[in-house]
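Going by this note's numbering, the letters in the sequence shown line up with residues 416 to 568, in that order. Where a beta carbon is used, it is the ideal one built from N, C-alpha and C, also for glycine.
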Amino acid sequence: MVTAQECIFCKIVRNEIPSKRVYEDENNIAFLDINPASPGHVLVVPKKHFGSMHDIDASTMEKLGTAVKKVNDIVKEKLNCEGTNVMLNNGRIAGQIVEHIHFHIIPRYQGDGIELHFPRFKTDEKYFDEMQKKLAAPAEKRKAADDDWTRFA
Ligand code: 5GP
Ligand code: ZN
416 MVTAQECIFC
426 KIVRNEIPSK
436 RVYEDENNIA
446 FLDINPASPG
456 HVLVVPKKHF
466 GSMHDIDAST
476 MEKLGTAVKK
486 VNDIVKEKLN
496 CEGTNVMLNN
506 GRIAGQIVEH
516 IHFHIIPRYQ
526 GDGIELHFPR
536 FKTDEKYFDE
546 MQKKLAAPAE
556 KRKAADDDWT
566 RFA
């Protein structure tokens with residue numbers, strides 16, 4: 416696990432490494448992604464170090480969400496893009512590389528070449544019934560539930 420001392424985004428927050436900031440409030444900053452997917456690709460991060468959405472407290476998350484909305488509005492208005500993809504990767508399995516929670520705001524333009532592809536899997540009535548039961552159950556039950564995803568594949 417990365418500590419706040421060694422975390423690259425904490426270093427950006429502390430101004431120990433340079434970044435192109437585009438927004439700041441009491442709890443969050445937003446800066447240009449160093450390797451943009453499209454012109455204006457911005458990252459929004461809390462000033463305090465949290466690894467992912469699994470770790471962050473609800474109040475900090477709420478403030479981060481509000482900042483994401485503000486930055487998304489700024490991006491849309493200033494860059495005149497047609498839309499945006501707002502993304503958050505939780506954990507390595509989901510494509511998270513930097514272990515400090517961050518939202519990507521990726522402006523979308525006609526012909527930008529970005530392809531978001533989520534392969535879908537075959538479902539049946541049983542899948543929807545069981546999944547709803549698992550997700551809607553009280554937390555203790557959810558933990559005890561059998562997490563065998565492969566049977567839906
Ligand atoms: P992840 O895959 O963790 O969701 O995305 C991390 C993002 O951070 C990537 O899009 C990457 O280009 C960006 N990034 C990584 N290191 C730096 C950095 O030092 N400065 C800036 N501005 N962006 C960074
Ligand atoms: Zn950090």
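Comparing C-alpha positions only, which one of the options sits nearest to residue i?
i	options	result
residue 469	436, 459, 509, 488	509
residue 451	443, 442, 435	435
residue 519	477, 484, 441	484
residue 491	454, 433, 460	454
Using 8 angstroms for Cβ pairs, my map puts residue i next to residue j. What's the rounded Cβ distance?
i	j	result
residue 445	residue 482	7 angstroms
residue 462	residue 442	6 angstroms
residue 437	residue 517	With 8 angstroms as the limit, residue 437 and residue 517 do not qualify as a contact, their Cβ atoms being about 14 angstroms apart.
Excluding the 5 residues flanking residue i on each side, which residues of the same chain have their C-beta closer than 6 angstroms to its C-beta?
i	result
residue 466	514
residue 568	Residue confidence for residue 568 is low, a pLDDT of 37 falling below 50, so the modelled location carries little weight; the figure read from the coordinates is stated next. For residue 568, where only same-chain residues beyond five positions count, the Cβ hits under 6 angstroms are 536.
residue 417	514
residue 422	464, 515
Who are the near neighbours of residue i in its chain, counting only those whose CB is closer than 7 angstroms to its CB and skipping five residues on each side?
i	result
residue 497	523, 524, 525
residue 487	499, 501, 520
residue 506	467
Beta-carbon within less than 8 angstroms of residue i's beta-carbon, same chain only, minus the 5 sequence neighbours each way: which residues are those?
i	result
residue 531	500
Alpha helix (DSSP H) runs wholly inside the stretch 495-565, at least 4 long, in chain order: 540-551, 554-559
Please write down, chain order preserved, every residue whose beta carbon lies under 6 angstroms from a heavy atom of the ligand ZN. 419, 422, 424, 425, 464, 515
Which full runs of the beta strand (DSSP E) of 3+ residues lie inside the stretch 455-489, going along the chain? 457-461
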